[in-house]
Amino acid sequence: MPTSIKSVLQETRVFQPANAFVEQANISGMAAYQALCSEAAQNYEEYWARLAREHIVWHKPFNTVLDESRAPFYEWFADGELNVSYNCLDKHLATQPEKTALIFEADDSQVIKISYRELHARVCQFANALKSRNIQKGDRVVIYMPMSIEVVIAMQACARIGAIHSVVFGGFSSRSLNERIENAQACAVITADAQFRGGKMMPLKPAVDEALSMGGCDAVHSVIVYKRAGNDVQWNAKHDLWWHDLIDGLPCTCEPEWVGAEHPLFILYTSGSTGKPKGVQHSSGGYLLGTMVSMQWVFDYKPTDIFWCTADVGWVTGHSYVAYGPLAMGATQVIFEGVPTWPDAGRFWKMIQDHQVTTFYTAPTAIRSLIKLGGELPKQYNLSSLRLLGSVGEPINPDAWMWYYTVVGQSRCPIVDTWWQTETGCHMIAPLPGAMATKPGSCTLPLPGIMAAIVNEAGDEVHDQHGGFLVIKRSFPSQIRTIWGNDERYRKGYFPEEMKGAYLAGDSAHRDEDGYFWILGRIDDVLKVSGHRLGTMEIESALASNSLVAEAAVVGKPHEIKGEAIVVFVVLKGSRPKDAATAKQISEILREWVSKELGPIAKPDEIRFGDNLPKTRSGKIMRRLLRALAKGEEITQDISTLENPAILEQLKHVIQ
Ligand code: WTA
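Mind the numbering: the sequence shown is residues -12 to 643 in my numbering, read in order.
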């Protein structure tokens, strides 16, 4: 923590938006930003009601705006009715049916474009396919698919019939998939035979087969398989169905299911500080509004834009800024199946050039790895179509910010560093690029109407620059509604009593003299590895389930490219490996084990062995010491409560 505070405090560069950008911006100048903020401050509910009326096509208008009577189970626009898919598709049919909705670029560079008219027809047809399997409003459908036009269709089709989707990232293991199917009690799984990434074919269907065989998935009556690769797949005639067979002959129109604004649109599992991932439940109306206003304000969306968010739909970013926000705005967007480094590290830049991308949104990890693999490569491409750049998922270090700004954006494009979470549904703190100056490493100021603040342990606001816990003081439309099936975990985790009713984000932050927010990192046991959110407890319990392991503790340490690396301290059931070769061998076994249990994204970077872990007399693992050890720091902290100081020496040793 101290080093990150120091590094951000040293950053003094300020970048004013160019006049040309300000002039054309949707929110132009600080006065316009402040006017919105005061509108929200003066009449909070009326402010959001106005935006909800302007942005959303309501089937039945709402009368109540915010219902706080069951706080923290807030309801927004609850007596209004809408359909999210109608707002993303049908709404555009009268005005721009032939506009390209999706430009899909496959791993092998093949491009497929699809108009709003075609997308609408295919979503309707697939919605009819879901109905033919008797999937109904409120049913849960797990989606485990590669980036494709079809995954967007699958999500939109669920929304169309009021089914609640839960997308599971294709990089998660069969066990993770099983846990999510079981927790959501899903009745259907939509998947593909395989996916292509970086020139390689990676099967997906076997993971579904395995997940279903693990138990707890009895509710699944249909597994719909999109044929992407044509590889051989095992077939279970009881429930497996090919996508193309299922839609064959079905009509391309489907009346949307009108749902109340609070009807859950989706559940998205994310890591928290326990061993079990939590199903973040989002609403229909409030969520849609959040994605739309942030497209408008933060991405300064214009109908002429070619928008490209590189996130996979398995993460919230791919929900809000691929599957919903851009479509609700009627945008043309790029979706990409492959990886940024294949066939070489110029892939993103080539695609920006080829598709004339105007707005590019990616993660700091991608930026850092592209700097490392080919920092000069962007110069070989014509990137003059770009007008705005965005960053998401983890703090962006000022060096990466400056490279992104000067080399990719050619010092012309504002950078929007967007702070938000799976739970917030849309951007919370981010620059409105035609209004405020940016500073490398700061996500700047809250969106108008987002009452972000920094508080101390007692929940009192701190106004000096020492920092504290990041909270949002009032409910906002796109916020999480609950954790699926676990209201208590929702209440305790996000609205603990000492926070006096504010939403506790789980990050620490501080504000500078201009009121700008600087995010310092998580305050809980959650890591951000390559922008992916991973709970240390999840990794610990995966390790504990291996027969070699007696005890394990997981911490993060700073990593040049990934942001954070996973470091594991292990006590084996047998004796500690005495020589490097044995240690290395066991390390490999355990790394593979975690990869198999949770997915390759959770594979530990480093494993260290000890006869024990540093513990207090009451048996609590002293994680701050492990963090210091992982970073290779001398232990200068107070270790008077440590029962077994000698253990620190042992755990210093890294096995390569
Ligand atoms: C971190 C991703 C600094 C933060 C949208 C947050 C960030 C967690 C930023 C949520 C940013 C996200 N600057 N940190 N611009 N954006 N984070 O749920 O720790 O995958 O709490 O949502 O990512 O991660 P999640």
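Where is the CB? At the ideal position from N, CA and C, for every residue including glycine.
- Residue burial is scored here from C-beta neighbours: H414 has at least 16 other C-beta atoms within 10 angstroms and is therefore classed as buried.
- Going by DSSP, E475 is part of the alpha helix (DSSP H) stretching over D474 to Y481.
- Shown here, G266 sits in a strand according to DSSP, grouped into three states.
- G446 is not bridged by DSSP to any residue.
- When C-alpha distances from D512 are compared across Q97, S258 and K225, the shortest belongs to S258.
- Using a cutoff of 6 Å, the CB of E381 counts as near ligand 1, since one of the ligand's heavy atoms is closer than that.
- If only uninterrupted beta strand (DSSP E) runs of at least 3 residues are considered, those enclosed by the region 278 to 320 are 293 to 296.
- DSSP, reduced to helix, strand and coil, places G272 within a helical segment of the structure shown.
- Nearest in C-alpha terms to H546, of all of A424, A529, I211 and D592, is D592.
- Ranked by Cα distance from Y348, the first of T409, V285 and K359 is V285.
- A check of alpha carbon separations from G522 across P4, P264, V98 and D232 identifies P264 as the nearest.
- For D404, there is no enclosing alpha helix (DSSP H); the residue is found in the beta strand (DSSP E) stretching over I402 to T405.
- V326 and F183 have their alpha carbons spaced roughly 9 Å apart.
- Taking the Cβ atoms as the reference, V267 lies roughly 5 Å from L255, within the contact range of under 8 Å.
- In the assembly as shown, T(-1) is an exposed residue. Its beta-carbon has fewer than 16 other beta-carbons within 10 Å.
- Of the heavy atoms belonging to ligand 1, none sits nearer than 6 Å to the Cβ of D592.
- Spanning the alpha carbons of L69 and R610 requires a straight line of approximately 48 Å.
- Relative to the non-hydrogen atoms of ligand 1, the Cβ of V303 comes within a distance shorter than 6 Å of at least one.
- F347 is bridged by DSSP to W295 and L376.
- Here the distance from the Cβ of R520 to the nearest heavy atom of ligand 1 is below 6 Å.
- A distance below 6 Å between beta-carbons, with the five flanking residues on each side excluded, links P382 to the following residues of its chain, in chain order: I506.
- Note that the C-beta distance between L577 and I553 is not below 7 Å.
- Exposure of R57 is indicated by the presence of fewer than 16 other C-beta atoms within 10 angstroms of its C-beta.
- Here R147 is not near S209, since their CB atoms are 7 Å or more apart.
- Taking C-beta atoms as the reference points, G67 and G312 fail to come closer than 7 Å.
- Assigned with DSSP and collapsed to three states, F8 falls in helix.
- When secondary structure is reduced to three states using DSSP, Y213 falls in the strand class.
- A Cβ-Cβ separation of about 7 Å places C145 in contact with I151 under the 8 Å criterion.
- By the neighbour-count criterion, in which a residue is buried when 16 or more other Cβ atoms sit within 10 angstroms of its Cβ, I99 is exposed.
- For the pair V458 and A489, the CB atoms are nearer than the 7 Å cut-off.
- For L255, the secondary structure class from DSSP, reduced to helix, strand or coil, is strand.
- Taking C-beta separations shorter than 7 Å and ignoring five residues to either side along the sequence, the partners of A496 in its chain run I441, G454, L457, F504, W505, I506 and L507, following chain order.
- Residue environment analysis places K192 among the buried positions, since at least 16 neighbouring C-beta atoms fall within 10 angstroms of its C-beta.
- Contact between I122 and A175 holds, since their C-beta atoms are separated by about 6 Å, short of 8 Å.
- At a threshold of 6 Å, D501 does not count as near ligand 1, since its beta carbon sits no closer than that to any of the ligand's heavy atoms.
- Taking each of G362, K544 and N533 in turn and checking the Cα distance to S517, the smallest one comes out for K544.
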